[in-house]
Amino acid sequence: MRLFHPLELFDEPTVPTPKSRIRKSAPTIALLIFCFLCTSINVGIWLSTHAARNPTHRSPHTLDSPSPYLGLDELAYDPQLEAGQSFANHPFLLTQISEREPRRVFPVDPKQGLTVVGTISPDIRRFVVRPGISTVAQFRTTDYGYENCTLHFSVPSSATEHEQTSINIYTLSTASRLDAATLSWSTRPQRTLVAGTWLAANATASVLSWKCAWGQYQTFEFAYSGSGPGLEFWQNPKVEKEGVTITQQSSLV
């Protein structure tokens with residue numbers, strides 16, 4: 001019978017690292033540390049400069065538009081031909097705000113719908129004046145030499161009420177384009193009362209005239225003033241001089 005004895009365990013001898021290897025790796029480690037420090041400094045400089053700038057982004061609608069009508073002031077015009085020249089300017093923004101719900105934002109495109117050919121967004125917009133609800137309209141005056149403006153109403157027969165309603169007309173103090181997606185009673189610009197009128201279905205009225213420079217925004221608020229049932233209709237810009245418009249007449253006379 002054989003006897004087995006456990007083998008003795010011996011610690012593996014530590015092989016010393018040659019000094020030559022240490023000397024060769026030292027420059028590599030130093031280079032890595034140097035690269036890390038340079039990278040850290042560059043990142044710190046980039047973060048500090050961008051944090052200090054705090055850039056502000058401007059909407060393209062707030063930028064000045066250069067006049068394309070260079071040299072037209074030097075031309076001679078026939079007063080007789082210019083005297084009767086005019087055209088209707090429709091609002092590009094027509095939306096509502098609510099005094100009773102100051103933070104409410106009304107739909108931007110209420111007539112938008114899905115059809116077999118895709119999403120359709122007609123230019124038809126709603127005009128509403130009743131207790132607690134006002135309508136904001138914004139225009140941009142266009143064309144050279146048509147700087148005599150008149151605010152004009154031509155209420156269609158399809159309006160909801162045939163009884164007269166008293167309406168206050170305010171100008172809104174802004175030189176920039178309004179954003180219908182954020183416009184509400186609480187965010188609207190400061191207003192100034194400029195006129196008042198009575199309107200009903202089939203009514204026509206010219207309520208305000210002023211000098212209007214080319215390229216400027218003209219912004220109005222139409223508010224219920226306490227008398228009558230209110231007024232509501234859909235305005236179609238394809239129907240000339242229907243709804244609320246600005247008539248721009250020649251100023252070259």
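Residue numbers (the numbering used here): 1 to 253.
C-beta: ideal position from N, C-alpha, C; glycine also.
Integer Cβ distance of residue i from residue j, believed to fall under 8 angstroms
i, j, result
"residue 111", "residue 124", "5 angstroms"
"residue 166", "residue 226", "7 angstroms"
"residue 128", "residue 119", "Actually they do not touch by this definition, with Cβ atoms about 24 angstroms apart."
"residue 102", "residue 185", "4 angstroms"
"residue 148", "residue 211", "7 angstroms"
"residue 87", "residue 248", "6 angstroms"
Member of the options whose CA lies at the smallest distance from the CA of residue i
i, options, result
"residue 219", "170, 180, 128, 204", "170"
"residue 260", "204, 85, 117", "Any answer about residue 260 is impossible in this case: the structure gives the chain only from 1 up to 253."
"residue 201", "173, 216, 244", "244"
"residue 92", "148, 109, 78, 117", "109"
"residue 187", "106, 248, 45, 41", "106"
"residue 175", "164, 163, 213", "213"
"residue 251", "121, 142, 189, 238", "142"
"residue 194", "182, 180, 179, 222", "222"
"residue 183", "37, 28, 94, 74", "94"
According to DSSP, residues forming a beta bridge with residue i
i, result
"residue 103", "Note: residue 103 sits in no beta bridge, so no partner."
"residue 163", "Answer is none; residue 163 lacks a bridge partner."
"residue 118", "115"
"residue 170", "193, 221"
"residue 228", "In the DSSP output, where bridge partners are listed per residue, residue 228 has none listed."
Separation of residue j from residue i, as counted between CA atoms
i, j, result
"residue 130", "residue 160", "11 angstroms"
"residue 258", "residue 90", "Only positions 1 to 253 of the chain appear in this structure, which leaves residue 258 out of reach."
"residue 80", "residue 208", "25 angstroms"
"residue 140", "residue 116", "34 angstroms"
"residue 217", "residue 177", "7 angstroms"
"residue 104", "residue 41", "49 angstroms"
"residue 83", "residue 156", "28 angstroms"
"residue 138", "residue 179", "10 angstroms"
"residue 46", "residue 30", "25 angstroms"
"residue 153", "residue 114", "32 angstroms"
Residue i at chain D interface by Cβ criterion, 8 angstroms
i, result
"residue 228", "The structure shown has no chain D; it contains just one protein chain."
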